[in-house]
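Oh and the sequence shown: position 127 is 407 in this note's numbering, straight run, nothing missing.
Quick reminder that beta carbons are idealized off the backbone N, C-alpha and C, glycines included.
What follows is one structure encoded as structure tokens, with my remarks underneath.
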Amino acid sequence: MIAVTGFMPAGLALTVRAMVADSAKGPRPSLTETLFALFLRLVAVGSLWFALQYWAMLTGFSFGGQGRFDLLPPAWKAAYTALAVLFPVAAVGLWLLVSWGPVIWLIAAATEIAMHEVYPSTFGVNRLLVLTHGAIALVFVLFRVALFVQRRRQARTVRTDSP
281 MIAVTGFMPA GLALTVRAMV ADSAKGPRPS LTETLFALFL RLVAVGSLWF ALQYWAMLTG
341 FSFGGQGRFD LLPPAWKAAY TALAVLFPVA AVGLWLLVSW GPVIWLIAAA TEIAMHEVYP
401 STFGVNRLLV LTHGAIALVF VLFRVALFVQ RRRQARTVRT DSP
């Protein structure tokens, strides 16, 4: 409920109360939808952490300045710059729960997986990172399947407006 303060004219306060009372109450999100939103926001926080790590490295704040952009080989410059841009964009999209957030995250995760699995001689091997991205992708797919099944069941239920 909106708190009506003494600073509002009486007519406006009544209008605000009427608007709140008339507001359409949509269906509450299910437990699966709530957990999925929480999962996406946790991945957003992780993506922001990755972004901050890449930016700290590229600007010389980590690794004693040895990962600065001007000191990196060309392959690392391309990959790390792309990831420094992709991860914060993915973090925003995931936090806002918009459809493009997971897509951008997938591009960033696939880039990191390719770096460490396809080009290990250039970027080194990081199995933990690859497994983490794989686990996150698997959990995402499982949530999407669960939401699909749940929505399909809800569509089958008889409603008062059904013929």
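Next item on the list: State the Cα-Cα distance for the pair V425 and V372, rounded to the nearest angstrom.
Entry: Taking the sequence shown and counting its residues from 1, the one referred to as residue 425 is at position 145. Taking the sequence shown and counting its residues from 1, the one referred to as residue 372 is at position 92. About 24 Å.
Next item on the list: Within the same chain, show all residues whose beta-carbon is closer than 6 Å to that of R348, passing over the 5 residues directly before and after it, in chain order.
Entry: Along the sequence shown, one-based indexing puts residue 348 at 68. Counting only Cβ-Cβ distances below 6 Å, and skipping sequence neighbours, we find G340.
Check: Do L338 and Y360 have their C-beta atoms closer together than 8 Å?
Finding: Residue numbering aside, residue 338 sits at position 58 when the sequence shown is read from its first letter. Residue numbering aside, residue 360 sits at position 80 when the sequence shown is read from its first letter. Against a cut-off of 8 Å, the Cβ pair of Y360 and L338 comes out as a contact.
Checklist line | Beta-carbon contacts of F330 that lie in its chain and below 8 Å, excluding the five residues immediately before and after | finding: Against the sequence shown, residue 330 aligns to sequence position 50. L363, F367 and A388, listed in sequence order.
Checklist line | Proximity below 8 Å, CB of I393 to CB of V410 | finding: The count along the sequence shown starts at 1 and reaches residue 393 at position 113. The count along the sequence shown starts at 1 and reaches residue 410 at position 130. Yes. Within cutoff.
Item checked: Own chain, CB closer than 6 Å to A355, minus 5 neighbours either side, in chain order -> By one-based count along the sequence shown, residue 355 stands at place 75. Excluding positions up to five away in sequence, the list reads T402.
Next item on the list: Decide if S379 is buried, meaning its Cβ has at least 16 other Cβ atoms within 10 Å, or exposed.
Entry: In the sequence shown, the residue the question calls residue 379 occupies position 99. Label assigned to S379: exposed.
Check: Can you tell me the Cα-Cα spacing of S274 and L332, whole angstroms?
Finding: Residue 274 is absent from the structure shown; the chain starts at 281 and stops at 443.
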